[in-house]
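K.L.:
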Amino acid sequence: MAREQLIYQILSISKSCRSITDIANRLYLSQPYVSKEIHQAEVKYHTKLLHRKPLPIKLTRAGEVILESLEKQLELQNQLLIDLAPFRDNSASYIKIATNQPWTTLYGDIIYKYLHKKFPSINFELTEVTTDLAEQKLLTREIDLFAGKNLNNDKIVSNKTFTNRFYFLIPATSSLYSKTNYMRILTKRDLTKFNNQNFVSLTDDSFFQKLVDHMLIDNNVNQGKVLKVDNHVVGTNAAAQGAGIFVTSYDFAEKWIGKKPFNLVEIPTTLLNFDIAVSYHYKASTLIKEIAKSLEALEEAYGKKLGII
Numbered sequence: 001m002a003r004e005q006l007i008y009q010i011l012s013i014s015k016s017c018r019s020i021t022d023i024a025n026r027l028y029l030s031q032p033y034v035s036k037e038i039h040q041a042e043v044k045y046h047t048k049l050l051h052r053k054p055l056p057i058k059l060t061r062a063g064e065v066i067l068e069s070l071e072k073q074l075e076l077q078n079q080l081l082i083d084l085a086p087f088r089d090n091s092a093s094y095i096k097i098a099t100n101q102p103w104t105t106l107y108g109d110i111i112y113k114y115l116h117k118k119f120p121s122i123n124f125e126l127t128e129v130t131t132d133l134a135e136q137k138l139l140t141r142e143i144d145l146f147a148g149k150n151l152n153n154d155k156i157v158s159n160k161t162f163t164n165r166f167y168f169l170i171p172a173t174s175s176l177y178s179k180t181n182y183m184r185i186l187t188k189r190d191l192t193k194f195n196n197q198n199f200v201s202l203t204d205d206s207f208f209q210k211l212v213d214h215m216l217i218d219n220n221v222n223q224g225k226v227l228k229v230d231n232h233v234v235g236t237n238a239a240a241q242g243a244g245i246f247v248t249s250y251d252f253a254e255k256w257i258g259k260k261p262f263n264l265v266e267i268p269t270t271l272l273n274f275d276i277a278v279s280y281h282y283k284a285s286t287l288i289k290e291i292a293k294s295l296e297a298l299e300e301a302y303g304k305k306l307g308i309i
């Protein structure tokens, strides 16, 4: 089943990728390996699964049929494990919760303590995934819950808790840095001044980075990406120490206030909208829905801490 799962991930993620290389980057695999897996699947199914040219790549009709079939197959397999859970040793059963990066790294202990207090007999597994992979894993029941970006899918219930606010962290090394205007709200006119500035960016597999890139491209801002990192904590730390401008949230930047000179310029939600939610499969059990409500309360408390709600 591991190979079918990989092919499912490749075909599913291809819908938001421009090339085979993009797929490989998003899955943290090599491009030759992904190409080999696609080729072997095409040999197995005796049909072409992807139109490789012209770019962007596109699923063939056969590829769409196989993707849909694999999703159902994986969902059935994981549903069987869910159905058997009441008959298994409790120590072997886990409620699997995924978050966007880097929430589990930063707040995993808080999430666990909060949930363990409410559900002391339940075991939990906490992981970090990209938004694209979270949607895939919810559809195939590989994970039970996702705390992160709001998902729009008919088979997934997403309960929004708050809209996150983001800021341009502008280090003192940037020509846009102001000694007197530490915190301010961005205007569209201000945005043009960011053209050709040095930026710290998240890696190409990040859904959030795609939102940032689209915002800047739509406003004719060219980024000089001098550094790519895999999560907001690393990006914020690098930016605060002068590497370049980075889009971050206040809680990640807070520890650097008073230690390093930088500005925080708030980005209006009309330019960058990122709704936070707790999501689960529409067939989820009553227990999963109860845990989801607890996660929603935790997210709402986090939003209040940031002064967002």
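Residue numbering for the sequence shown follows full-length UniProt numbering, beginning at 1 and increasing consecutively.
Backbone N, C-alpha and C fix where the C-beta goes; we use that ideal spot for every residue, glycine too.
(1) Pull up the distance between the alpha-carbon of Y114 and that of S249, whole angstroms please.
(2) Let me make sure I understand the geometry here. Which of A292, Q9 and L191 has the alpha-carbon closest to that of I95?
(3) Identify the residues that DSSP records as bridge partners of D275: which are they?
(4) Could you name each continuous alpha helix (DSSP H) segment of 4 residues or more that falls completely within the region 220-289, going from the start of the chain to the end?
(5) From what residue to what residue does the alpha helix (DSSP H) around T60 run?
(6) Thinking just about the alpha-carbon of each residue, which of H116, K117, L6 and L145 is nearest to the one in T127?
(7) Note down, in chain order, each residue of its chain lying with its Cβ closer than 8 Å to the Cβ of L272, except the 5 sequence neighbours on either side.
(8) Let me confirm a value: D218 is counted as buried when at least 16 other C-beta atoms fall within 10 Å, else exposed. Which label applies?
(9) Who are the near neighbours of P268 in its chain, counting only those whose CB is closer than 8 Å to its CB and skipping five residues on each side?
(10) Apart from the five residues on each side of it in sequence, which residues of its chain come closer than 7 Å, Cβ to Cβ, to H46?
(11) Just to confirm before moving on: does the CB-CB distance between F262 and L202 stay below 8 Å?
(12) May I ask which residues mark the beginning and end of the beta strand (DSSP E) holding N25?
(13) For the pair the region 105-125 and the region 50-59, tell me if three or more CB-CB distances fall below 8 Å.
(14) Alpha carbon to alpha carbon, how far is I245 from V129?
(15) If you follow the beta strand (DSSP E) that L202 is in, where does it begin and where does it stop?
(16) Report the three-state DSSP secondary structure of A172 (helix, strand or coil).
(17) Here's a check: name, in chain order, each residue in its chain whose Cβ is nearer than 6 Å to the Cβ of S35, leaving out the five neighbours to either side.
(18) For Y177, tell me which candidate among P102, K260 and E37 has the shortest Cα-Cα distance.
(19) Residues bridged to G148 by DSSP?
(20) Pick helix, strand or coil for A124, following the three-state DSSP scheme.
(21) Beta carbon of L70, beta carbon of E4: below 8 Å?
(22) Could you give the C-beta distance for L264 and M183, rounded to a whole number, given that I count them as a contact under 8 Å?
(23) Report back the beta-carbon spacing between V221 and L191 to the nearest angstrom; my notes put them in contact at under 8 Å.
(24) Got a sec, what are the start and stop residues for the beta strand (DSSP E) T99 sits in?
P.N.:
Taking the structure as given:
(1) Taking the straight line joining both Cα atoms gives about 23 Å.
(2) Among A292, Q9 and L191, the Cα nearest to that of I95 belongs to A292.
(3) In the DSSP secondary-structure assignment, D275 is bridged to T163.
(4) The region 220-289 contains, as complete alpha helix (DSSP H) runs of 4+ residues, the segments 232-240 and 250-253 (chain order).
(5) Neither: T60 is in no alpha helix (DSSP H) and is coded neither H nor E.
(6) When only C-alpha atoms are compared, the closest one is L145.
(7) Beyond the five residues adjoining it in sequence on each side, L272 comes within less than 8 Å, by CB distance, of F166, L211, V212, M215 and V247 in the same chain, given in chain order.
(8) With a threshold of 16 other beta carbon atoms within 10 Å, D218 falls short and is exposed.
(9) The answer, listed in chain order, is I185 and L186.
(10) The answer is none, since no qualifying residue turns up.
(11) No; because the gap between Cβ atoms is not below 8 Å, this pair is not in contact.
(12) For N25, no beta strand (DSSP E) segment is defined; the enclosing uninterrupted segment is the alpha helix (DSSP H) at I20 to L27.
(13) Flag = no, the region 105-125 and the region 50-59 do not touch.
(14) Taking the straight line from one Cα to the other gives about 24 Å.
(15) L202: member of the beta strand (DSSP E) spanning N198 to L202, first to last residue.
(16) Here A172 sits in coil by DSSP.
(17) Hits under 6 Å: I20.
(18) Closest option to Y177, Cα to Cα, is K260.
(19) Beta-bridge partners assigned by DSSP to G148: A277.
(20) Before going on, a small fix: residue 124 reads as Phe here, not Ala. Residue state, collapsed to three classes: strand.
(21) A contact, by the Cβ cut-off of 8 Å.
(22) Sure, about 5 Å apart at Cβ, within 8 Å.
(23) The Cβ separation is near 6 Å, so the contact holds.
(24) Where T99 is concerned, the enclosing beta strand (DSSP E) stretches over I95 to T99.
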